Amino acid sequence: MPAPEPTTTDRKFLGRLSLPERRYLADALRTETVGGVLLLLAAIAALVWANTPLKDSYATIRDFHIGPAALGLDLSIQHWAADGLLAIFFFVAGIELKRELVAGELRDPKAAALPVIAAICGMAVPALVYTLVNVVGNGSLDGWAVPTATDIAFALAVLAVIGTSLPSALRAFLLTLAVVDDLFAILIIAVFFTSDLNFAALGGAFAGLVVFWLLLRKGVRGWYVYVPLALVIWGLMYNSGVHATIAGVAMGLMLRCTTREGEEHSPGEHIEHLVRPISAGLAVPLFALFSAGVTVSGGALGDVFTQPVTLGVVLGLVVGKAIGIFGGTWLAARFTRASLNPELVWPDVFAVASLAGIGFTVSLLIGELAFVDDPALMEEVKAAVLVGSLIAAVLASVLLKLRVRKYQALIAEEERDEDQDGIPDMYEEDNPEFHLRMAEIYEKKAAEHRQRAELAGASRDEADRPA
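No gaps in the numbering here: position 2 of the sequence shown is -16 in our numbering, and each next residue is one more.
Given below as structure tokens:
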């Protein structure tokens, strides 16, 4: 008999996850970690490429146009990466959001309240910091949304590089923050970065989404049906004036993410499992390769800390994110009377909040959208995103390393499986069969040690006999 899952009312903030949620989390973050390392390598490659004698070839390839002009899709390689490949990223984000809402951490309003409040504060405070810096410094307010995003793949890559893992509760908190963060980033892009609307194309995209939804409800299967339809919807959405990545989100949200009788995984989880490696391992790294290639020099780095726009981005990511997430979490816990998991402390929350200041992918995208009419300032904002993310990564690394031994002990306890049945022992504490199995295991060990004791005693007696 499986151990009963903890009820919502019994759960503490950053408490134990249910076993299915823990397994889903481990699988998702494993892929994101590999993708994050590739993302990090792509960003480094872009910076090296753009700051060597080969920089002209980087600009030539990045700005090379390809695509059917008759369909309004004669785009640069960089444009294809930002509008096309990132649609895959946002498709996965849409599935992830849908799953969290119907089967994950966000399905219960009481359980979801604290991480949602933390995520909202983690977006509002960076925007406020940016705005204050630019009001005081007489800078542009167009980039207020740039420091609001969190890049979980890059954050996980940092953890992999520094050799630190997080207990599952902290990893789940970070993932939930990123999911809510993605939701509001989607809304920001849809509301604030929509150009003049082409209602004919928008209507066609909406009709395509209706067909997509109907096919799903009828149980139609086959990638050869959905992939061409998705491409048509994406093309119409792009030509409508609404950012094309919204098409990916909309289709992701339409997938069913609850299981039915006889199903081990829902269709949404199955498709996410197939598409996530493409998103994390191909789409996002290629976007980074053609977006992170900014010219870096001593003067350029100095300008990051002296111009209000770029300083606002850096402070928003480093200071705004940490204060926003930590402050929102602490206030929400206090007013909802939620108690922190006794195995963790508030500095752990602050460390994760600092890690969330790594705002790479979506921050770069929003920076491109916010300053599309000012290429020079766009490049400076990208540099600020890189610098701010780097500072946040270093700060979080130092804070997390201070607690690494505690995290290692918690992870070892979470993964302990003495009866080797594939289920961590902590999830079987209320299962009588588990304790009977453990009793049998220890009885066998006791008998083995008694036998060894007898053999050791006999050997010693033999050795003590006079020759």
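By construction, the Cβ of each residue, glycine as well, lies at the ideal position given by its N, Cα and C atoms. All of these numbers come straight from a predicted model, not from anything done at the bench.
Query: Cβ shell of Gly263 (< 7 Å), same chain only, five flanking positions each side left out; Result: Val16, Gly17 and Leu20
Query: Assumed close pair Ser345, Val162 - CB separation to whole angstroms, cut-off 8 Å; Result: So it is not a contact: roughly 16 Å between Cβ atoms.
Query: Run of the alpha helix (DSSP H) containing Tyr389, from where it starts to where it stops; Result: Val386 to Glu397
Query: Where Ser379 sits in the DSSP three-state scheme; Result: helix
Query: Exposure label - Trp126; buried when at least 16 CB within 10 Å; Result: buried
Query: Alpha-carbon to alpha-carbon, His417 and Met(-17); Result: The predicted model places Met(-17) with a pLDDT of 41, which falls under 50 and marks its position as unreliable; any figure quoted below should be read in that light. Computed Cα separation, rounded: 12 Å.
Query: Own chain residues within Cβ distance below 6 Å of Ile373, not counting five before or after; Result: Val300
Query: Best match in Pro2, Phe(-5), Pro329 and Gly(-3) for proximity to Thr241 [C-alpha to C-alpha]; Result: Pro2
Query: Continuous alpha helix (DSSP H) assignments of at least 4 residues falling wholly in the stretch 204 to 274; Result: 205 to 222, 227 to 236, 249 to 260 and 266 to 273
Query: Buried/exposed call for Arg5, threshold 16 Cβ in 10 Å; Result: exposed
Query: Same chain, Cβ closer than 8 Å to Asp45, five either side skipped, listed in chain order; Result: Ser58, Ile59 and Gln60
Query: 8 Å contact criterion, which Leu322 and Ala315 should meet: CB distance rounded; Result: 7 Å
Query: Residue of Ile70, Met236 and Trp31 minimising C-alpha distance to Leu458; Result: Here the chain has residues from -17 to 449 only, and residue 458 is not among them.
Query: Run of the alpha helix (DSSP H) containing Met408, from where it starts to where it stops; Result: That residue, Met408, is in no alpha helix (DSSP H); it is neither H nor E in DSSP.
Query: Ser261 versus Trp31: straight-line alpha-carbon distance, rounded; Result: 23 Å
Query: Where the alpha helix (DSSP H) through Val74 begins and ends; Result: Leu68 to Val84
Query: Rounded C-alpha distance that separates Ala160 from Met105; Result: 11 Å
Query: Assigned secondary structure, Pro(-16) (DSSP; H/G/I helix, E/B strand, else coil); Result: Here the model assigns Pro(-16) a pLDDT of 46, short of 50, so the residue's position is not dependable, and the following value carries that caveat. Reduced to three states, the DSSP call for Pro(-16) is coil.
Query: Other residues of its chain near Leu29: CB distance less than 8 Å, five sequence neighbours each side excluded; Result: Ala274, Gly275, Val276, Val278 and Leu368
Query: Exposure of Phe342, with buried meaning 16 or more beta-carbon neighbours within 10 Å; Result: buried
Query: Rounded distance between the beta-carbons of Met236 and Phe287, thought under 8 Å; Result: Going by Cβ atoms, the distance from Phe287 to Met236 rounds to 44 Å, so no, they are not a contact pair.
Query: C-beta atoms of Phe269 and Phe308 nearer than 9 Å; Result: no
Query: Where Phe(-5) falls: helix, strand or coil (DSSP); Result: strand
Query: Unbroken alpha helix (DSSP H) run spanning Arg89, endpoints; Result: Careful: Arg89 lies outside any alpha helix (DSSP H) and carries neither H nor E.
Query: Opening and closing residue of the alpha helix (DSSP H) in which Asp330 lies; Result: Trp328 to Leu337
Query: Close-in-space but distant-in-sequence residues of the same chain around Phe72 (CB under 6 Å, 5 per side omitted); Result: Thr227, Gly230 and Val231
Query: Nearest to Leu55 (by Cα), restricted to the options Asp164, Gly223 and Ile393; Result: Gly223
Query: Exposure of Pro50, with buried meaning 16 or more beta-carbon neighbours within 10 Å; Result: exposed
Query: Local conformation of Ile340 per DSSP, three classes; Result: coil
Query: Assigned secondary structure, Ser279 (DSSP; H/G/I helix, E/B strand, else coil); Result: coil
Query: CB of Leu152 within 9 Å of CB of Asp330, strictly; Result: yes
Query: Ala365 beta carbon less than 9 Å from that of Leu271; Result: no
Query: Selection from Arg89, Val117 and Asp164 that minimises the alpha carbon distance to Ala338; Result: Asp164
Query: Where Tyr424 falls, given that 16 or more other Cβ within 10 Å makes a residue buried; Result: exposed
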